[in-house]
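Undergrad: Structure below; questions to follow.
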Amino acid sequence: MLMQLSIAGISQGAIYALIALSLTVIYRSTTIVSFGHGDFVMAGAFLAYILVIGLGFAFLPAGLLAIAAMFAIGIVFSRGLIRPIRGGPHIGLALMSISFGFALRGIARLVWGREVLPMPRVFDVDPIFVGSIIITGDAIFTIGIVAVLLAAFFILLHLTDIGKMVQAVYQSERGARLIGIDVSRFHDFSWGTGAALGAVGGVLIAPVSFLHPDLGASFLIKGFAAMTLGGFGSLGGSVIGGLLLGLAEQYAGAYLNTALIDITAYLLIILVLLIRPRGLFGRKVVIKV
Amino acid sequence: MHDILLSISDLNVSYGKKAILRGASYDVRRGECLTLLGANGSGKSTSLNAICGFIKPTSGSVKLMGTELAGLDPHRIFAHGVAQVSQARDLFPDLTVEDNLRLGAMRRGSSTAAQSLATTYQRFPRLADRRKQPTRTLSGGEQQMVAIGRALMSDPLLLLLDEPSGGLSPQLCEEIAQIIDILKAEGVTLLMVEQNLNLAFRAADRFIVLRDGQAVDGGDVAAMAGDHEAIVRNIYL
Chain A
1 MLMQLSIAGI SQGAIYALIA LSLTVIYRST TIVSFGHGDF VMAGAFLAYI
51 LVIGLGFAFL PAGLLAIAAM FAIGIVFSRG LIRPIRGGPH IGLALMSISF
101 GFALRGIARL VWGREVLPMP RVFDVDPIFV GSIIITGDAI FTIGIVAVLL
151 AAFFILLHLT DIGKMVQAVY QSERGARLIG IDVSRFHDFS WGTGAALGAV
201 GGVLIAPVSF LHPDLGASFL IKGFAAMTLG GFGSLGGSVI GGLLLGLAEQ
251 YAGAYLNTAL IDITAYLLII LVLLIRPRGL FGRKVVIKV
Chain B
1 MHDILLSISD LNVSYGKKAI LRGASYDVRR GECLTLLGAN GSGKSTSLNA
51 ICGFIKPTSG SVKLMGTELA GLDPHRIFAH GVAQVSQARD LFPDLTVEDN
101 LRLGAMRRGS STAAQSLATT YQRFPRLADR RKQPTRTLSG GEQQMVAIGR
151 ALMSDPLLLL LDEPSGGLSP QLCEEIAQII DILKAEGVTL LMVEQNLNLA
201 FRAADRFIVL RDGQAVDGGD VAAMAGDHEA IVRNIYL
């Protein structure tokens with residue numbers, strides 16, 4: 001049973017890891033906590049839904065198009081709505097993110113109301129039996145796609161010149177300007193990347209759960225919980241935090257009470273902030289006086 | 001007639017309502033080391049930040065070989081060939097010495113960057129030994145070498161040095177002075193802000209005194225040899 005729960009937890013945690021990573025990509029480069037990010041996830045899922053159900057695309061091209069569209073929306077959001085208020089109070093940036101998220105949610109509600117929409121199953125392959133453990137097609141696809149994506153992301157970040165540039169901006173924005181990096185454009189790119197990674201989460205959720213305009217809210221909290229556990233600003237930590245959250249939900253639901261599944265993320269945030277505020281991999285903040 | 005590389009005319013810069021530079025005008029000649037002197041708040045570092053584009057001037061002109069730089073973003077000014085070593089150094093602490101240096105040459109081709117890297121290690125042999133170390137593990141002097149080396153990797157027309165001796169021991173200040181000597185010998189044009197007057201007079205060819213955001217005095221350091229106290233009086237009194 002433990003192994004079965006672990007596979008379900010990792011499969012769910014992989015989605016949380018993606019969402020937490022997408023939040024962290026934006027947070028690290030812009031220092032903005034994207035409170036509207038759950039709605040990027042929702043928008044990615046709905047775009048895939050429109051392309052598959054409304055326009056008859058196959059799932060793979062529909063998913064890729066939805067991710068590309070969310071990348072473009074992230075860039076346009078940054079250029080059009082974040083850049084003009086960048087010099088203002090920091091809270092304004094967070095509020096802009098929330099407002100934009102709610103606007104996306106509002107558009108989805110205008111079209112679909114509060115309807116719950118099913119998407120046809122696309123990972124409809126036979127499950128694999130390993131002894132008494134069943135690994136479903138959904139789990140194989142989700143874990144496989146997220147693993148490949150994360151591997152590509154971290155290889156790009158650590159082993160390429162582009163990745164070094166990204167790390168440079170993360171570590172010193174002024175230093176990055178001193179070596180000729182266009183930091184404003186980098187911020188736009190980060191919003192695009194964050195929105196696209198969130199959309200990957202949405203696209204992976206779409207075929208395995210029901211879609212509704214409010215689905216982003218719960219994923220936002222899961223993303224925050226994963227970020228908190230992994231350590232704010234830690235890219236690797238956000239991924240590990242997401243996987244641990246997925247496992248914690250499954251174990252708590254199976255061994256303690258199923259009602260705990262829904263509140264594990266909240267409890268985790270409270271516990272981590274009380275016991276180890278910097279999370280597993282976050283850096284200790286040193287204030288010099 | 002001197003070959004003017006950078007020409008600053010009637011430059012005005014304000015932080016909010018507080019004017020820092022009030023019509024400053026001076027030139028930097030090709031191949032020289034010019035030092036800006038002045039009391040705290042006289043506009044020295046603001047001058048460098050305005051030249052680099054970190055602060056937008058309210059009016060006035062910053063021309064590099066006739067090209068107007070005032071109002072451009074920092075990355076565009078960098079592309080024109082102006083590099084700065086800032087007072088805080090602004091290195092990338094978790095990246096290695098080599099990564100920091102290579103990033104300085106990011107805008108150039110990889111083969112040119114490789115040559116620059118070899119040249120930088122010749123200039124600063126100690127950095128070659130530390131090439132795989134994160135820069136946060138280096139001493140202050142070594143970090144300053146990385147900052148100068150990183151700026152030189154872009155092969156700039158003009159190198160701005162903001163307090164290169166800041167926080168360094170007298171021994172390391174002497175090392176910095178020797179590095180500046182080497183750069184001058186190689187024909188690098190330098191504009192330096194330096195509170196350490198010994199270093200400033202030791203390294204610079206000319207000086208400009210800024211007071212209340214204006215250039216009020218200036219001249220050849222060599223011509224003022226033995227009368228540095230007069231310059232000091234002009235700065236502070």
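As they're listed, the protein sequences go chains A and B.
Numbering of the first sequence is given in UniProt numbering, commencing with residue 1 and proceeding in unit increments.
Numbering of the second sequence is given in UniProt numbering, commencing with residue 1 and proceeding in unit increments.
Ideal Cβ placement from N, Cα and C applies to all residues, glycine included.
1. Considering only C-alpha positions, which residue in the set A:Ile75, A:Ile135, A:Gly36, A:Leu178 is nearest to His187 of chain A?
2. Within 10 Å of its beta-carbon, does Gly230 of chain A have 16 or more other beta-carbons around it, so buried, or fewer, so exposed?
3. Using a C-beta to C-beta distance shorter than 9 Å, which residues of chain A count as neighbours of Arg150 of chain B?
4. Which residues in the same chain have their Cβ closer than 7 Å to the Cβ of Phe124 of chain B, if we skip the five residues on either side of it in sequence?
5. May I have the straight-line CA-CA distance separating Ala48 of chain A from Leu204 of chain A, to the nearest angstrom?
6. What is the DSSP secondary structure of Ser165 of chain B, reduced to helix, strand or coil?
7. Does the Cβ of Leu183 of chain B have 16 or more other Cβ atoms within 10 Å, making it buried, or fewer, making it exposed?
8. Give the range of the beta strand (DSSP E) segment to which Phe46 of chain A is assigned.
9. If I follow the unbroken alpha helix (DSSP H) through Lys184 of chain B, where does it start and stop?
10. For Leu157 of chain B, which three-state DSSP category applies?
11. For Lys164 of chain A, go through chain B and note every residue whose CB falls closer than 7 Å to its CB, in chain order.
12. Can you tell me which of the three DSSP states Gly9 of chain A falls into?
13. Taking Asp162 of chain B and Leu48 of chain B to be in contact with their CB atoms under 8 Å, please state how far apart those CB atoms are, rounded to whole angstroms.
14. Strictly below 8 Å CB to CB, what residues from chain A border Met106 of chain B?
15. Could you check where the beta strand (DSSP E) with Tyr15 of chain B kicks off and where it finishes?
16. Quick check: is the beta carbon of Ala103 of chain A nearer than 8 Å to any beta carbon in chain B?
17. Excluding the five sequence neighbours on either side, which residues of its own chain have a C-beta within less than 6 Å of the C-beta of residue 242 of chain B, listed in chain order?
18. Residues of chain A with a CB under 9 Å from the CB of Gln122 of chain B: which are they?
19. Pick helix, strand or coil for Leu138 of chain B, following the three-state DSSP scheme.
20. Return the chain-ordered list of same chain residues with a C-beta closer than 7 Å to the C-beta of Gly233 of chain A, the five sequence neighbours on each side being excluded.
21. Taking the beta carbon of His90 of chain A as the centre, do at least 16 other beta carbons fall within 10 Å, making it buried, or is it exposed?
22. In three-state terms, what does DSSP make of Ala19 of chain B?
23. Counting along the chain, where does the alpha helix (DSSP H) carrying Lys284 of chain A start and finish?
24. Helix, strand or coil for Thr96 of chain B, going by three-state DSSP, please let me know.
25. If you run the structure through DSSP and keep just helix, strand and coil, what is Lys63 of chain B?
26. Roughly how many angstroms separate the alpha carbons of Tyr266 of chain A and Asp182 of chain A, rounded to a whole number?
27. Check whether the Cβ atoms of Ile179 of chain B and Leu168 of chain B sit closer than 8 Å, and answer yes or no.
28. Is there a C-beta anywhere in chain B that falls below 8 Å from the one on Gln250 of chain A?
29. By the three-class DSSP mapping on this structure, what secondary structure does Val76 of chain A have?
30. Considering just the uninterrupted stretch of the alpha helix (DSSP H) at Phe141 of chain A, what are its terminal residues?
31. Under 8 Å between C-beta atoms, does Phe201 of chain B make it to chain A?
32. Quick one: is Ala79 of chain B near chain A, going by C-beta distance under 8 Å?
33. How far does the beta strand (DSSP E) with Asp219 of chain B in it extend, from its first residue to its last?
34. Can you tell me where the beta strand (DSSP E) with Leu243 of chain A in it begins and where it stops?
35. At which residues does the alpha helix (DSSP H) containing Met106 of chain B begin and terminate?
36. What whole-angstrom Cβ distance do Ala105 of chain B and Leu159 of chain B have, given they're in contact under 8 Å?
TA: With the structure as the only source:
1. Walking along the first sequence from the start, residue 187 of chain A turns up at place 187. Of A:Ile75, A:Ile135, A:Gly36, A:Leu178, the residue nearest in Cα terms is A:Ile75.
2. Working through the first sequence from its first residue, we reach residue 230 of chain A at position 230. With 16 or more Cβ atoms within 10 Å of its Cβ, Gly230 of chain A is classed as buried.
3. Numbered from 1 along the second sequence, position 150 holds the residue referred to as residue 150 of chain B. Within chain A, the residues whose beta carbon sits less than 9 Å from that of Arg150 of chain B are Gly175, Leu178, Ile179, listed in sequence order.
4. For this step, residue 124 of chain B is matched to residue 124 along the second sequence. Correct list, in chain order: Met145, Gly149.
5. Locating residue 48 of chain A in the first sequence gives position 48, counting from the first residue. Locating residue 204 of chain A in the first sequence gives position 204, counting from the first residue. The alpha-carbon atoms of Ala48 of chain A and Leu204 of chain A are separated by roughly 10 Å.
6. If you number the second sequence from 1, residue 165 of chain B lands on position 165. Under the three-state reduction of DSSP, Ser165 of chain B is assigned to coil, being neither helix nor strand.
7. Locating residue 183 of chain B in the second sequence gives position 183, counting from the first residue. With 16 or more other Cβ atoms within 10 Å, it is buried.
8. Translated into the one-based positions of the first sequence, residue 46 of chain A becomes position 46. Counting along the chain, Phe46 of chain A falls outside any beta strand (DSSP E), though it belongs to the alpha helix (DSSP H) covering 37 to 49.
9. As a first step, residue 184 of chain B is located in the second sequence; it is residue number 184 there, counting from the start. For Lys184 of chain B, the enclosing alpha helix (DSSP H) covers residues 170 to 185.
10. What you label residue 157 of chain B is simply residue 157 of the second sequence in a count that begins at 1. Leu157 of chain B: coil per DSSP, three-state reduction.
11. The sequence position of residue 164 of chain A within the first sequence is 164, counting from 1. At a C-beta separation below 7 Å, Lys164 of chain A has these neighbours in chain B: Leu95, Asp99, Leu103.
12. For this step, residue 9 of chain A is matched to residue 9 along the first sequence. DSSP places Gly9 of chain A in the helix class (H, G or I) of the three-state scheme.
13. The residue labelled residue 162 of chain B in the question sits at position 162 within the second sequence. The residue labelled residue 48 of chain B in the question sits at position 48 within the second sequence. 5 Å between Cβ atoms; contact.
14. The count along the second sequence starts at 1 and reaches residue 106 of chain B at position 106. Under the 8 Å cutoff, chain A gives Asp161, Met165, Ile179, Gly180, Ile181.
15. As a position in the second sequence, residue 15 of chain B is number 15, starting the count at 1. For Tyr15 of chain B, the enclosing beta strand (DSSP E) starts and ends at 4 to 15.
16. Walking along the first sequence from the start, residue 103 of chain A turns up at place 103. Look at Ala103 of chain A: its C-beta is not under 8 Å from any C-beta on chain B.
17. Limits of chain B in this structure are 1 at one end and 237 at the other, which puts residue 242 of chain B out of reach.
18. Numbered from 1 along the second sequence, position 122 holds the residue referred to as residue 122 of chain B. Neighbours of Gln122 of chain B across chain A, judged by C-beta separation under 9 Å, do not exist; the nearest C-beta is about 21 Å away.
19. Locating residue 138 of chain B in the second sequence gives position 138, where the first residue counts as 1. Three-state result, Leu138 of chain B: coil.
20. Position 233 of the first sequence, counted from the start, is the residue given in the question as residue 233 of chain A. Once the five neighbours on either side are set aside, the close Cβ partners of Gly233 of chain A are Thr24, Tyr27, Arg28, Gly282.
21. Locating residue 90 of chain A in the first sequence gives position 90, counting from the first residue. Burial check for His90 of chain A: the Cβ neighbour count within 10 Å stays below 16, so the residue is exposed.
22. By one-based count along the second sequence, residue 19 of chain B stands at place 19. Ala19 of chain B falls in the strand class under three-state DSSP.
23. Looking up residue 284 of chain A in the first sequence gives position 284. For Lys284 of chain A, there is no enclosing alpha helix (DSSP H), as DSSP marks it with neither H nor E.
24. Counting from 1 along the second sequence, the entry for residue 96 of chain B is found at position 96. For Thr96 of chain B, the three-state secondary structure derived from DSSP is strand.
25. Working through the second sequence from its first residue, we reach residue 63 of chain B at position 63. Correct three-state label for Lys63 of chain B: strand.
26. Your numbering for residue 266 of chain A matches position 266 in the first sequence. Your numbering for residue 182 of chain A matches position 182 in the first sequence. For Tyr266 of chain A and Asp182 of chain A, the distance between alpha carbons rounds to 38 Å.
27. As a first step, residue 179 of chain B is located in the second sequence; it is residue number 179 there, counting from the start. As a first step, residue 168 of chain B is located in the second sequence; it is residue number 168 there, counting from the start. Contact: no.
28. Taking the first residue of the first sequence as 1, we reach residue 250 of chain A at position 250. It does not; no Cβ of chain B falls within 8 Å.
29. Here residue 76 of chain A refers to the residue found at position 76 of the first sequence. Three-state DSSP puts Val76 of chain A in a helix.
30. For this step, residue 141 of chain A is matched to residue 141 along the first sequence. Counting along the chain, the alpha helix (DSSP H) containing Phe141 of chain A begins and ends at 137 to 159.
31. Stepping through the second sequence from its first residue, residue 201 of chain B is reached at position 201. Chain A, which has no Cβ nearer than 8 Å to the Cβ of Phe201 of chain B, makes this no.
32. For the purposes of this step, residue 79 of chain B is taken as the residue at position 79 of the second sequence. Cβ-Cβ to chain A under 8 Å: yes for Ala79 of chain B.
33. For the purposes of this step, residue 219 of chain B is identified with residue 219 of the second sequence, where counting begins at 1. Residue 219 of chain B is actually Gly in this sequence, not Asp. The continuous beta strand (DSSP E) containing Gly219 of chain B extends over residues 214 to 220.
34. Numbered from 1 along the first sequence, position 243 holds the residue referred to as residue 243 of chain A. No beta strand (DSSP E) contains Leu243 of chain A, which is instead part of the alpha helix (DSSP H) from 235 to 251.
35. As a working note, residue 106 of chain B is residue 106 in the second sequence. No alpha helix (DSSP H) contains Met106 of chain B, which DSSP labels as neither H nor E.
36. Your numbering for residue 105 of chain B matches position 105 in the second sequence. Your numbering for residue 159 of chain B matches position 159 in the second sequence. Going by Cβ atoms, the distance from Ala105 of chain B to Leu159 of chain B rounds to 14 Å, so no, they are not a contact pair.
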